[in-house]
Amino acid sequence: MSSSKLPLGMLIDLAQSQTDDAARRLGALQSAHLSAQQKLELLLQYRQDYHAQLDTLMRGGLPSSQWRNYRNFLGTLDHAIAQQRAIAERAGHQLDRGRTDWQREKRRLSSFDTLADRVRAQELMAQAKREQRDSDERAARQFFDRASHPTH
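Here the sequence shown stands for residues 1 to 152, numbered as in the UniProt record's numbering.
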């Protein structure tokens with residue numbers, strides 16, 4: 001009997017499908033995490049550039065109203081950075097969970113594959129024993145046929 005017809009074969013197919021799904025989810029989570037990290041880095045770079053621009057303007061003299069506008073914008077930027085940092089952190093946690101899920105599904109599939117290998121090995125041993133038994137029976141019949149009908 002082939003393993004695809006066994007309930008174990010159906011379990012392996014299901015486990016493979018679940019492993020593939022987990023791998024696809026993991027890929028999407030990796031992309032989301034990378035995107036969140038890149039956006040955070042972009043905001044941090046933008047803040048650094050904007051702050052450097054403010055420092056340069058302040059050295060040359062900056063009206064207080066313009067200084068307040070810069071400070072307000074930096075405050076808004078800091079808030080956006082904090083939000084993006086939280087998004088990146090959540091994406092990192094989701095990525096960790098996705099990786100754990102994929103590893104669990106992969107181990108489960110591997111367990112089923114190992115079990116299927118054992119079943120196949122047992123089937124092969126049983127088949128080899130049957131073939132040996134059949135061969136022994138044929139040899140015994142031939143021996144008894146010759147013994148009961150001697151040719152002189």
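From the three backbone atoms N, C-alpha and C, an ideal C-beta is built for every residue, glycine too.
Out of curiosity, what's the CA-to-CA distance linking residue i and residue j?
{"i": "proline 7", "j": "leucine 43", "result": "54 Å"}
{"i": "alanine 121", "j": "glutamine 127", "result": "10 Å"}
{"i": "histidine 79", "j": "alanine 88", "result": "14 Å"}
{"i": "glutamine 132", "j": "arginine 141", "result": "14 Å"}
{"i": "arginine 59", "j": "leucine 40", "result": "29 Å"}
Figure out for me which residue from the options has the closest Cα to the Cα of residue i.
{"i": "tryptophan 102", "options": "Leu11, Leu14 and Asp21", "result": "Asp21"}
{"i": "arginine 90", "options": "Ile12, Gln30 and Asp55", "result": "Gln30"}
{"i": "glycine 98", "options": "Arg138, Leu26, Ser135 and Gln45", "result": "Leu26"}
{"i": "alanine 82", "options": "Ala36, Leu115 and Asp55", "result": "Ala36"}
Can you give the beta carbon distance from residue i to residue j, rounded, assuming they're within the 8 Å contact cut?
{"i": "alanine 15", "j": "glutamate 105", "result": "7 Å"}
{"i": "phenylalanine 112", "j": "leucine 11", "result": "5 Å"}
For residue i, which of helix, strand or coil comes out of DSSP?
{"i": "proline 7", "result": "helix"}
{"i": "glycine 27", "result": "helix"}
{"i": "leucine 62", "result": "coil"}
> Which ranges would you report for the beta strand (DSSP E) in the region 95-126 if only whole runs of at least 3 residues count?
Replying inline: none
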